[in-house]
Amino acid sequence: MAYRDEHHYNETVLAHIAEPRNVGVIENPDAVGRGTNPVCGDEVTLYLRFEGEAVAEAKMEILGCGAITAAMSSLTDLVQGKTAAQLQELTAEAIAESVGGLPRHKRHCAQLAQRILRNALADREARRTA
Amino acid sequence: MKPVYLDHNATTPVRPEVAEAMRPFLGAAFGNPNSIHRFGREARAAVEEARARAAALIGAAEPEEILFTSGGTESDNWALRGTIAAAGGGGHIVTTAVEHHAVLDTCKALEEAGVEVTYVPPDGRGRVAAEAVAGAIRPGTCLVSVMWGNNEVGTLQPIAEIARACRERGVPFHTDAVQAVGKAPIEADALGIDFLSASGHKINGPKGVGFLYARKGARLLPLITGGPQERDLRSGTENVPGIVGLGEACRLAREEGAASARGLAALRDRLESEVLERIPDAVVNGDPAHRLPGTSNLSFPGTEGETLLIRLDLEGIAVSTGAACSSGSTEPSHVLLAMGLPKDVVRGSLRFSLGWGNTGADVDRLLEVLPEAVRRVRAMAPRARAAEGRGRGKPRRVSDSRRAR
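For the record, the sequence lines run as chains A and B.
If you count the first sequence from 1, position 63 lands on 62 in numbering that gives the first Met the number 0, and the numbers rise without skipping.
If you count the second sequence from 1, position 73 lands on 72 in numbering that gives the first Met the number 0, and the numbers rise without skipping.
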């Protein structure tokens, strides 16, 4: 079996860090999800705009380590065209796999990304029922 | 483009002279120094020559006070565990909050075994007061362990004063001098140091080899048993090629140390002043008056060190986020936290460590890339944070960080 480096970032992750996708803000979004990691101090805001039931646009602002930057960058692509119900099913593992895996000690960053997405979905529900 | 290596506190390139000195011992001169025949005698002579060179570099009274190990971490472990064992177990250690994990984690492990440990806090520049260390000594203190120069911020500790205080109180003193050897003048015997840790690969020698200086008469039990090597104190056939390489690195450091330290300090000072010119709200961490010559720890508030590191890496510039083994660590720097620096400063910190082979062109290249990397990381940050950062036009130096405590 080929050696899989579980300590360093792979090329996909590095490419996301170099050129993160969808950085910015959506004015008048349908959903906003925030997340922080109190230990390392990551701060992330995710903005979603829906057309009908599906995500039409995703943007993020981020101050965080390489892993959370890559996970969020990939997530903003993954969510495109998906419904809220589909996004509820998106796992942290799937987010990590979308960037070719994260180093062992950085896997919690995929969980943080998933939590931020769920925060955004909860925000959308709250706005709809308000 | 030629890669730029600014991470010499992590490891250094093996100098060609060192590789050349090692080469025979990876070939025909493969003898075991403990063998009686000529192969053994040849290897023994080389090991003892290296011992003398290491002793000369750190001002040991006798070559026999140098005990070869696998590196700085083993030397630190040995000094701490070997001293506690020699004292019969238990007891009390005085150390600082800014030590390398080789010391801190060993202290934690010893605490679990019933040893009491006092961690003396540093000031905002990472320096401990000799009086505070001396004041922590009490009946039952078996060892004081204070690093010579800090790996993250480069702060030099008042080693002479601490060694004197320990001597006056009859307590053995160990210093982790892994970062200082070859960069700061060290006179172990004259200063009254009992134990000193050093590493080969931090001074352009090979990895996997280092030494522990143990003053003649200092009480120390072995960690590794099973043979008479290193005066019955460290068993196992000697790493002859590594030891020979370490010896050559010590010789070069002794011959060139002072001049190279001056050159590195000048290059480091230029790096810092020009970074501050281009990024006025950068913060210098550490003690400008007492610092390793090649080390600069800078913070860029509103950024995150690892992301900056990767942006520089993608441009061919290698730096560090400060904590050793940062690729395996998710915790913020224990050194910067112990210094009481604001979270923003801790998170956005980078360590630039210069060494043999660096030139002004390397600094020029960094200056080309770093401001844009900082700008881009800041531009991605959440808006609320960006607004927070707008008040920060004024340059902040170390003294301001201290006030912020």
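Cβ coordinates follow ideal geometry from the N, Cα and C atoms, glycine included.
With respect to chain A, the C-beta atom of P381/B has a partner C-beta closer than 7 Å. The secondary-structure analysis by DSSP pairs Y212/B across a beta bridge with I65/B and L195/B. Bounds of the beta strand (DSSP E) holding H173/B are F172 to D175.
One Cα belongs to T68/A, the other to E305/B, and the distance between them is close to 10 Å.
With respect to chain B, the C-beta atom of A17/A has a partner C-beta closer than 7 Å.
Ranked by how close their Cα comes to the Cα of V46/B, the residues I316/B, R350/B, G246/B and S295/B have G246/B in first place.
In this structure, I25/A lies away from V43/A, with their beta-carbon atoms at least 7 Å apart. When DSSP states are grouped into helix, strand and coil, T68/A belongs to the helix group. Per the coordinates, the alpha-carbon of A54/B lies some 20 Å from the alpha-carbon of A260/B. The C-alpha of V152/B is placed about 22 Å away from the C-alpha of D363/B. Within the stretch 115 to 203 of chain B, the complete alpha helix (DSSP H) segments at least 4 residues long are 129 to 135, 158 to 168 and 187 to 190, listed from N- to C-terminus. Rounded to whole angstroms, the gap between the alpha carbons of A60/B and V13/B is 28 Å. The Cβ of K342/B sits closer than 7 Å to at least one Cβ of chain A.
Rounded to the nearest whole angstrom, the C-alpha separation of S298/B and E271/B is 11 Å. H104/A and L120/A have their C-alpha atoms roughly 27 Å apart. Exclusion of the five residues before and after L45/A leaves G32, M59, I115 and A119 as the residues of its chain whose Cβ lies within less than 6 Å of its Cβ. DSSP, read as helix, strand or coil, puts R250/B in helix. If you check each beta-carbon in the stretch 300 to 312 of chain B against every beta-carbon of chain A, the ones closer than 9 Å belong to G301, T302, E303, G304, E305, T306, L308, I309, R310 and D312.
With its beta carbon at least 7 Å from every one in chain B, I115/A lies outside the interface.
The Cβ-Cβ distance between M338/B and G123/B falls below 7 Å.
The shortest CA-to-CA distance from S234/B to any of Y4/B, I242/B, L222/B and P240/B is the one to L222/B. Contact of R346/B with chain A is assigned, a C-beta pair being separated by under 7 Å. The beta carbon of L86/A does not come within 7 Å of any beta carbon belonging to chain B, so the residue lies off that interface.
Counting C-beta pairs closer than 8 Å gives three or more between the stretch 334 to 353 of chain B and the stretch 280 to 289 of chain B, which meets the contact rule. Counting only Cβ-Cβ distances below 9 Å, L45/A has no contacts in chain B at all, with the closest Cβ about 10 Å away. The contact set of E60/A on chain B, defined by CB atoms closer than 7 Å, consists of M379, A380, P381 and R382 in chain order. In the displayed model, K342/B falls within a helix according to three-state DSSP.
Fewer than three beta-carbon pairs drawn from the stretch 21 to 31 of chain B and the stretch 212 to 231 of chain B are found closer than 8 Å, and the two stretches are therefore not classed as touching. Counting other Cβ atoms within 10 Å of its Cβ, Y2/A stays below 16 and is therefore classed as exposed.
For the set V114/B, G301/B, P240/B and H99/B, the Cα lying nearest the Cα of T174/B is the one of H99/B.
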